[in-house]
Amino acid sequence: MKLVYFAWVRERIGLTEEDVTLPETVATVDDLLVWLKTRGPEYEYALAEPSAIRVAIDHVHARRSAPLSGANEVALFPPMTGG
Amino acid sequence: MKLVYFAWVRERIGLTEEDVTLPETVATVDDLLVWLKTRGPEYEYALAEPSAIRVAIDHVHARRSAPLSGANEVALFPPMTGG
Amino acid sequence: MPPITIRVQRNDFDIKAEIDAVSAGRRDIGAVVAFTGICRDEDGHLQALELEHYPGMAEAEIGRIAMEAAERWPLHGITVVHRYGRLVPGDNIVLVVTGSAHRQAAFEAAGFLMDFLKTRAPFWKKEHGRDVRWVEAKGVDDRAAERWK
Amino acid sequence: MPPITIRVQRNDFDIKAEIDAVSAGRRDIGAVVAFTGICRDEDGHLQALELEHYPGMAEAEIGRIAMEAAERWPLHGITVVHRYGRLVPGDNIVLVVTGSAHRQAAFEAAGFLMDFLKTRAPFWKKEHGRDVRWVEAKGVDDRAAERWK
């Protein structure tokens, strides 16, 4: 699965994107956030406040309970400030 | 005093403007409308429905009770349909 | 008081130039709303619209409406251009431009200006279609203006 | 469904051309609202704004917002152009154009589109001023979006 990062999530993790293989226990967006934080201090820093993280699955905003099965690209980013 | 007419008020009266000398009994907008109707069938036709007539004194919308003293130009016209 | 520009003219207007006049060279405008009212063929038979106005009062009354908008919202610019004369479907009739720091003020002020242009600015439309008739004032416009009270 | 045009681009947009694209050659549009969002220097120290976006999702999400607007209001045209990249105060950021028979629909739909662009379109602003910082999402924008529920 491809993960993509934007804005300060990207800066804190230090990557614009990466390919990951999820453990079988990671089924939902919430599971993904918990698992990512175990991958190192940069992830812990970026995801320290999970309520400030928005997630999209294949270009569509997703809730925390959304399943990841079938997802090709999951994006993590802060609340949007466009317009 | 100068009277000016617009839209169907103008068409029905058959004049764009005219100078009138008001009788002393004509003190307010309401008085003016009553008096004008006595000036001929074209005025009676134009002012048949007084509630459909709007009045402006010197380029400012005026109520029926507004006094005419000091007015240079009084305009009669139907409800506006610009914009 | 923000810069207020009011013009009543026979010719068409240049929307881009009017927007630029409100916002160009400024760093404090975050939102510009430009409303264009266009001659619309409602029933498929409109050939032309004849717009009569009261010269002098038209400019003065639009000016009073613009002053009210400037008092109600923190605006950095207001422009109103209203045409008169003979127009055909698709022709521009009226332009309202409002500029503000924030979008809410620009949107509301533009809506306010249009609602009061409809009900207070001395213009009258005559339709040339299947027959020739003066357009009647609409209750919906009076109600739209009422909401600002 | 009305014609919907969505573009996410680095370059500036041509407001006149976008308005014309919505209304030109039509006889059924009586009202066009064009909202322009502009880079504003709030505290007198902004040098530039860096606009990051999520390519692909930005267009898709704006498209979904436009579809919702088209379902809610009787529109004859919707255009949204959103810029990304480095902008300086006074630069255009976003353009929303709505065309309808009546002004109320055009105004409301443009306000709706802007409220949801702010809260749902994947763009992020970084300010370069006295320091460099990511702009924080505003509660006022969330509340503006809430009013359409």
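Protein chains in written order, with this note's numbering: chain A, 209 to 291; chain B, 209 to 291; chain C, 971 to 1119; chain D, 971 to 1119. C-beta atoms are modelled at their ideal positions from N, C-alpha and C, and glycine is treated no differently. What you are looking at is a predicted structure, and each value in this text was computed from that prediction instead of being measured.
Rounded straight-line distance, which links the Cα of Glu225 of chain A to that of Gly248 of chain A: Locating residue 248 of chain A in the first sequence gives position 40, counting from the first residue. Locating residue 225 of chain A in the first sequence gives position 17, counting from the first residue. Roughly 16 Å between the two C-alpha positions.
Run of the alpha helix (DSSP H) containing Asp982 of chain D, from where it starts to where it stops: To locate residue 982 of chain D, count along the fourth sequence from 1; it is residue 12. Element bounds for Asp982 of chain D: n/a, residue is neither H nor E.
query: Is Ala1028 of chain D closer than 7 Å to Val978 of chain D when the C-beta atoms are compared?
result: Here residue 978 of chain D refers to the residue found at position 8 of the fourth sequence. Here residue 1028 of chain D refers to the residue found at position 58 of the fourth sequence. Yes, these two residues count as a Cβ contact at 7 Å.
query: Could you give the distance in angstroms between the alpha-carbon of Pro258 of chain A and the alpha-carbon of Pro287 of chain A?
result: Along the first sequence, one-based indexing puts residue 258 of chain A at 50. Along the first sequence, one-based indexing puts residue 287 of chain A at 79. For Pro258 of chain A and Pro287 of chain A, the distance between alpha carbons rounds to 11 Å.
task: Run through the segment 1068-1115 of chain C for me and flag every whole alpha helix (DSSP H) of 4 or more residues, listed as ranges in chain order.
output: DSSP runs (the alpha helix (DSSP H)) wholly in the segment 1068-1115 of chain C: 1073-1090.
task: Could you round the C-beta distance between Arg980 of chain D and Arg1053 of chain D to whole angstroms and report it? I think they count as a contact, below 8 Å.
output: Here the question's residue 980 of chain D lines up with position 10 in the fourth sequence. Here the question's residue 1053 of chain D lines up with position 83 in the fourth sequence. The pair is a contact, with the Cβ atoms about 7 Å apart (cut-off 8 Å).
message: Here's the rule I'm using: 16 or more other beta-carbon atoms within 10 Å means buried, otherwise exposed. How should Ser993 of chain C be labelled?
response: As a first step, residue 993 of chain C is located in the third sequence; it is residue number 23 there, counting from the start. By the 10 Å Cβ count, Ser993 of chain C comes out buried.
query: Is it true that the segment 1098-1105 of chain D meets the segment 211-228 of chain B, where meeting means three or more beta-carbon pairs spaced less than 8 Å apart?
result: No, because fewer than three Cβ pairs between the segment 1098-1105 of chain D and the segment 211-228 of chain B fall closer than 8 Å, the two stretches do not touch.
query: What three-state label does DSSP hand Arg1056 of chain C in the structure shown?
result: Against the third sequence, residue 1056 of chain C aligns to sequence position 86. Secondary structure of Arg1056 of chain C (DSSP, three-state): strand.
- request: Consider the Cβ of Trp243 of chain A: report whether some Cβ of chain D lies at a distance smaller than 7 Å.
  value: Numbered from its first residue, the first sequence carries residue 243 of chain A at position 35. Chain D contact via Cβ: absent.
Span separating the alpha-carbon of Phe214 of chain B from that of Phe285 of chain B: Here residue 214 of chain B corresponds to residue number 6 of the second sequence, with the count starting at 1. Here residue 285 of chain B corresponds to residue number 77 of the second sequence, with the count starting at 1. Spanning the two alpha carbons is a distance of roughly 5 Å.
Meets three-Cβ-pair contact criterion under 8 Å: the segment 276-283 of chain B and the segment 235-253 of chain B: Contact holds: three or more Cβ-Cβ distances are below 8 Å.
message: I need the straight-line Cα distance from Phe1077 of chain D to Glu250 of chain B, nearest angstrom please.
response: For the purposes of this step, residue 1077 of chain D is identified with residue 107 of the fourth sequence, where counting begins at 1. For the purposes of this step, residue 250 of chain B is identified with residue 42 of the second sequence, where counting begins at 1. One C-alpha to the other measures close to 43 Å.
query: From what residue to what residue does the alpha helix (DSSP H) around Lys271 of chain B run?
result: Position 63 of the second sequence, counting from 1, holds the residue named residue 271 of chain B. Checking the sequence, you will find Arg at residue 271 of chain B rather than Lys. Premise fails: Arg271 of chain B is in no alpha helix (DSSP H) and is neither H nor E.
query: Does any C-beta atom of chain C lie closer than 7 Å to the C-beta of Ile1035 of chain D?
result: Position 65 of the fourth sequence holds residue 1035 of chain D. Not closer than 7 Å to any Cβ of chain C, the Cβ of Ile1035 of chain D fails to qualify, so no.
message: Under DSSP, the beta strand (DSSP E) around Lys1119 of chain C begins and ends at which residues?
response: The residue you call residue 1119 of chain C lines up with position 149 of the third sequence. From DSSP, Lys1119 of chain C is part of no beta strand (DSSP E); its letter is neither H nor E.
- prompt: Counting contacts by CB-CB distance shorter than 7 Å, is Phe1082 of chain D in contact with chain A?
  reply: As a first step, residue 1082 of chain D is located in the fourth sequence; it is residue number 112 there, counting from the start. Judged by the 7 Å Cβ criterion, Phe1082 of chain D is not in contact with chain A.
- prompt: chain C partners of Ala215 of chain B, CB-CB under 8 Å?
  reply: For the purposes of this step, residue 215 of chain B is taken as the residue at position 7 of the second sequence. Chain C residues near Ala215 of chain B: Glu1022, Trp1094, Lys1096, Trp1104.
task: For the alpha helix (DSSP H) containing Leu240 of chain A, list its first residue and its last residue.
output: Translated into the one-based positions of the first sequence, residue 240 of chain A becomes position 32. Start and end: 237-245.
- prompt: Helix, strand or coil: which one does DSSP assign to Glu225 of chain A?
  reply: As a first step, residue 225 of chain A is located in the first sequence; it is residue number 17 there, counting from the start. Looking at Glu225 of chain A - three-state DSSP - the assignment turns out to be strand.
query: What does Pro286 of chain A touch in chain D if you count any residue whose Cβ is under 9 Å from its own?
result: Position 78 of the first sequence, counted from the first residue, corresponds to residue 286 of chain A. Here the neighbours are Trp1094, Trp1104, Glu1106, Ala1107.
field: Option nearest Ile985 of chain D by Cα separation, candidates D:Lys1096, D:Thr1068, D:Arg1113
entry: Counted from its first residue, the fourth sequence places residue 985 of chain D at position 15. If we check each option's Cα against that of Ile985 of chain D, D:Thr1068 comes out closest.
query: Leaving out the 5 sequence neighbours to the left and right, which residues in its chain are closer than 6 Å to Lys1088 of chain C when beta-carbon positions are compared?
result: In the third sequence, the residue the question calls residue 1088 of chain C occupies position 118. Listed in chain order, the non-local C-beta contacts of Lys1088 of chain C below 6 Å within the same chain comprise Asp1111, local neighbours out to five positions each way being set aside.
Gly1033 of chain D - DSSP class collapsed to helix/strand/coil: As a first step, residue 1033 of chain D is located in the fourth sequence; it is residue number 63 there, counting from the start. If DSSP states are grouped into helix, strand and coil, Gly1033 of chain D belongs with the helices.
Minimum C-alpha distance to Phe983 of chain C - residue among C:Val1066, C:Arg996, C:Asp1013: Here residue 983 of chain C corresponds to residue number 13 of the third sequence, with the count starting at 1. It is C:Val1066.
query: Expressed to the nearest angstrom, what Euclidean distance is found between the alpha-carbon atoms of Phe974 of chain D and His1046 of chain D?
result: Residue 974 of chain D sits at position 4 when you count from the first residue of the fourth sequence. Residue 1046 of chain D sits at position 76 when you count from the first residue of the fourth sequence. In the sequence on display, residue 974 of chain D carries Ile and not Phe. Cα to Cα, Ile974 of chain D sits roughly 9 Å from His1046 of chain D.
- prompt: With a cut-off of 7 Å, does the C-beta of Gly290 of chain B fall near any C-beta of chain C?
  reply: Residue mapping note: residue 290 of chain B aligns to position 82 of the second sequence, counting from 1. Gly290 of chain B belongs to the set of residues whose beta carbon lies under 7 Å from a beta carbon in chain C.
Boundaries of the alpha helix (DSSP H) in which Glu252 of chain A is found, first to last residue: Indexing the first sequence from 1 puts residue 252 of chain A at position 44. In this chain, the alpha helix (DSSP H) harbouring Glu252 of chain A covers 249-254.
- prompt: Which residues, in order along the segment 1061-1088 of chain D, keep a beta-carbon less than 7 Å from a beta-carbon of chain A?
  reply: Across the segment 1061-1088 of chain D, CB contacts with chain A closer than 7 Å involve Val1064, Met1084, Leu1087, Lys1088, in sequence order along the chain.
Beta carbon of Ile1156 of chain D nearer than 7 Å to that of Gly1007 of chain D: Look at the range of chain D in this structure, 971 to 1119, and you will see that residue 1156 of chain D is not part of it.
task: Below 7 Å CB to CB, which residues in the same chain sit around Arg1056 of chain D once its five sequence neighbours on both sides are set aside?
output: By 1-based counting over the fourth sequence, the position of residue 1056 of chain D is 86. These residues qualify, in order along the chain: Ala1018, Glu1020.
- prompt: Shortest alpha-carbon distance to Arg1010 of chain D belongs to which of C:Gly1000, C:Pro972, C:Ala1040, C:Gly1109?
  reply: Position 40 of the fourth sequence, counted from the first residue, corresponds to residue 1010 of chain D. Closest by alpha carbon: C:Gly1000.
Contact list for Ala283 of chain A against chain D, beta-carbon separation under 8 Å: Numbered from its first residue, the first sequence carries residue 283 of chain A at position 75. At a C-beta separation below 8 Å, Ala283 of chain A has these neighbours in chain D: Tyr1024, Met1027, Pro1092.
Neighbourhood of Tyr253 of chain A by C-beta distance below 7 Å, restricted to the same chain and skipping five residues each side: On the first sequence, position 45 is the one that residue 253 of chain A refers to. Only residues of its own chain outside the window of five on either side were considered, and among them Arg220 have a CB closer than 7 Å to the CB of Tyr253 of chain A, listed in chain order.
message: Give me the subset of the segment 251-268 of chain A whose CB atoms are less than 8 Å from a CB atom of chain D, sorted by chain position.
response: Within the segment 251-268 of chain A, the qualifying residues are Ala264, His267, Val268.
- request: Show which residues of chain B have a CB atom less than 7 Å away from the CB atom of Ala1030 of chain C.
  value: Here residue 1030 of chain C refers to the residue found at position 60 of the third sequence. Under the 7 Å cutoff, chain B gives His267.
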